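So for the sequence shown, the working numbering puts the first residue at 918; every next one is plus one.
Backbone N, C-alpha and C fix where the C-beta goes; we use that ideal spot for every residue, glycine too.
These numbers come from a predicted model, not from an experiment.
First up is the structure itself, then whatever we jot down about it.
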Amino acid sequence: MKKKLLKNLSANSIQLIANQLFGFIIFYVLSTALDKGSFGQISLALALLMVIFNILSFGIDQLAVRKIAFGEDRGTVVSLYLVHVLATGLIFYVLLFWSVSFFPGINPNNLLLLIGVGKLAIYFSTPFKQTVIGMERFRLLAYMSIASNTARGCALVVLALLHDVNLHSVVIVFITGDILELILSAILFKINTRLPVISRWNKQSYLGLIRSSLPQFGVTVITSALARFDWILIGLVVSAVKLAEYSFAYKIFELSVLPLLALAPVLIPWITKVFKQNDPDLSGIIKVARIEMIIAGLTVLLLNVCWAPVIDPLTAGKYGAVNQVTIFILSLCIPLQYFTNLFWTIFFAKGQLKLILNAFIITLIVTICGDIILIPSYKNEGAAVAFLAGYIAQTMFYCYKNDLKPFNKLVFDLVICTAGACAGFLLVKSFSANFWLETLIAVSVYFIALIVTRCIKLTEIRWLRPAIVS
918 MKKKLLKNLS
928 ANSIQLIANQ
938 LFGFIIFYVL
948 STALDKGSFG
958 QISLALALLM
968 VIFNILSFGI
978 DQLAVRKIAF
988 GEDRGTVVSL
998 YLVHVLATGL
1008 IFYVLLFWSV
1018 SFFPGINPNN
1028 LLLLIGVGKL
1038 AIYFSTPFKQ
1048 TVIGMERFRL
1058 LAYMSIASNT
1068 ARGCALVVLA
1078 LLHDVNLHSV
1088 VIVFITGDIL
1098 ELILSAILFK
1108 INTRLPVISR
1118 WNKQSYLGLI
1128 RSSLPQFGVT
1138 VITSALARFD
1148 WILIGLVVSA
1158 VKLAEYSFAY
1168 KIFELSVLPL
1178 LALAPVLIPW
1188 ITKVFKQNDP
1198 DLSGIIKVAR
1208 IEMIIAGLTV
1218 LLLNVCWAPV
1228 IDPLTAGKYG
1238 AVNQVTIFIL
1248 SLCIPLQYFT
1258 NLFWTIFFAK
1268 GQLKLILNAF
1278 IITLIVTICG
1288 DIILIPSYKN
1298 EGAAVAFLAG
1308 YIAQTMFYCY
1318 KNDLKPFNKL
1328 VFDLVICTAG
1338 ACAGFLLVKS
1348 FSANFWLETL
1358 IAVSVYFIAL
1368 IVTRCIKLTE
1378 IRWLRPAIVS
């Protein structure tokens, strides 16, 4: 089990590292080559499309992984899912095309319509990717997932060298890369899985899939709104320039949880199989969670210590110091994201989808109320505070509803790792020193705090050693 977990994690990590590397290249070129207003317009269009396509999935993406991990017929699952994305995607784009003629203000420079073509292609590719996740074919997933970002990243680097990065060229690059990923995903899926792409249509099976996904659909709506509601509100209420600044900080914040992005898809089928047992052994999950907390705290520390000294030189002073407070507040969400993702996966594996829905409803209410109250007055910092408050509320709810008491003890690790990271950062920022010396002192303070409080235990490392050696 451990060997397979690490093998899947390694394969998933490779595609994530490649995607995040090229994603950062794309992000960096756009944020530095475009003015803040244009960059903010692209960010707003991408935010709106991401929310819409996530909602259109109806939560079937995660449900498909769970069904395949449980051993249900793969051909039927992928066929029904593909019919769903084709129908909902095409209907949405027709409505979008019709609506922008009545509300031209939401579609400056035709960005929504044009970028929407590429995002529609990515949406069509999701059944192939989610099916191979359920099959735990993470190497195949890597080949499917890297095409778009690789093509876009390379193309934008060439355009940057030619000093030809503008809204027109960016749109062409985005559409081409996304369509390439759809074509490659379909070909690789058919060759490697030999599953039927479209089988006989079964209305009852499809309606059953929709009914099963309804609780997860609610979660999907809420998580989609949580992920980009602050972007949309800043773009519409404040300005495109402030959205450019916030989206830069938020993007780096998202990149900082790369270890979680690598681990989360692997945990779903693994934890699902653990809870299929009559007497599930939870020790492995707890040890992985403890290591996650240590990684999360270290990420908080390094992100804040390195922020201004690294980001300002890279962006000619555009996005570093101006975002220091925003990134500090957002970074406090990182340990909470690891913690809540663990509980989400456990409850999802146990089929407690209504409980998950309730958790996300609470998070949505807290976050959106916070956004509406704080963003008009405090702008980007207000959005970050609202985001943090939502994650705190979700964490408290999961702990209250959790009936597996050993997992609640992880709250101690969560608090100590976060506090240790903050202590290390605030200590080095209280005096002026060499950047490398500050980093060394901060990391030392962090690990000393974890050793003293016994958050670091050699048993967790020893648990992984046999799998690593094998």
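query, result
"Cβ distance (whole Å) where V1090 is taken to contact R1069 below 8 Å", "5 Å"
"Cutoff 6 Å; reference A1166; Cβ partners in own chain excluding five residues on either side", "N1240, T1243, I1244"
"DSSP state of Q937 mapped onto helix, strand, coil", "helix"
"C1372, buried or exposed, once every other Cβ within 10 Å from all chains shown has been counted against 16", "buried"
"Collapsed DSSP secondary structure at Q1254 in the structure displayed", "helix"
"Of the listed residues I1185, L1003, C1286, nearest to F1055 (C-alpha basis)", "I1185"
"Touch test, the region 1200-1207 against the region 1058-1078, Cβ-Cβ under 8 Å, three pairs minimum", "no"
"CA-to-CA distance, K1193 to A1340, given in whole angstroms", "41 Å"
"Classification of H1001 by the beta-carbon crowding that lies within 10 angstroms, buried from 16 upward", "buried"
"Assigned secondary structure, V1000 (DSSP; H/G/I helix, E/B strand, else coil)", "helix"
"Given L1160 as reference, the closest of R983, A1276, A1301, E1098 once Cα atoms are compared", "A1301"
"Simplified DSSP assignment, three categories, for N971", "helix"
"Simplified DSSP assignment, three categories, for A1233", "coil"
"Contact set for K1326: own chain, Cβ-Cβ below 7 Å, skip 5 residues either direction", "none"
"Rounded C-alpha distance that separates I1278 from L1354", "44 Å"
"Assigned secondary structure, I1373 (DSSP; H/G/I helix, E/B strand, else coil)", "coil"
"Buried or exposed by the 16-neighbour rule on C-beta atoms within 10 Å, applied to C1286", "exposed"
"Cβ contact (3+ pairs, closer than 8 Å) linking the region 1300-1315 and the region 1144-1154", "yes"
"Residue range of the alpha helix (DSSP H) that includes I1290", "1270-1318"
"From Y1236, L1247, A1359, residue whose alpha carbon lies closest to that of V1174", "L1247"
"Sequence-distant residues of its chain with Cβ nearer than 8 Å to S1042 (five each side left out)", "M1061, E1098, L1099, S1102, A1103"
"Cutoff 6 Å; reference I943; Cβ partners in own chain excluding five residues on either side", "R1069, G1070, L1073"
"Among L1172, I969, L1218, I1309, nearest to A1401 - alpha-carbon criterion", "A question about residue 1401 goes unanswered here, because the residues of the chain that appear run from 918 up to 1387."
"CB-CB length for A1359 against V1345, believed under 8 Å", "5 Å"
"Alpha-carbon to alpha-carbon, L1305 and R1382", "Annotation note: pLDDT 47 at R1382 (below 50); position unreliable, no value reported."
"Among L1028, Y1163, L966, the one whose alpha carbon lies nearest that of V1087", "L1028"
"For D1095, the first and last residue of its enclosing alpha helix (DSSP H)", "1084-1110"
"Closest Cα partner of R1128 within the set D1229, F975, P1252, I1289", "F975"
"7 Å CB neighbourhood of W1224 in its chain, flanking five on each side removed", "G1237, Q1241, I1244"
"Inter-residue spacing [alpha-carbon to alpha-carbon] between G1307 and Y1295", "17 Å"
"Cα-Cα separation between K984 and I972, rounded to whole angstroms", "20 Å"
"Residue interval of the alpha helix (DSSP H) (run including G1033)", "1028-1051"
"Where L1367 falls: helix, strand or coil (DSSP)", "helix"
"Pair within 9 Å by beta-carbon distance, Y1315 and A1266", "no"
"Among A1157, V1049, K1120, G1033, nearest to I1108 - alpha-carbon criterion", "V1049"
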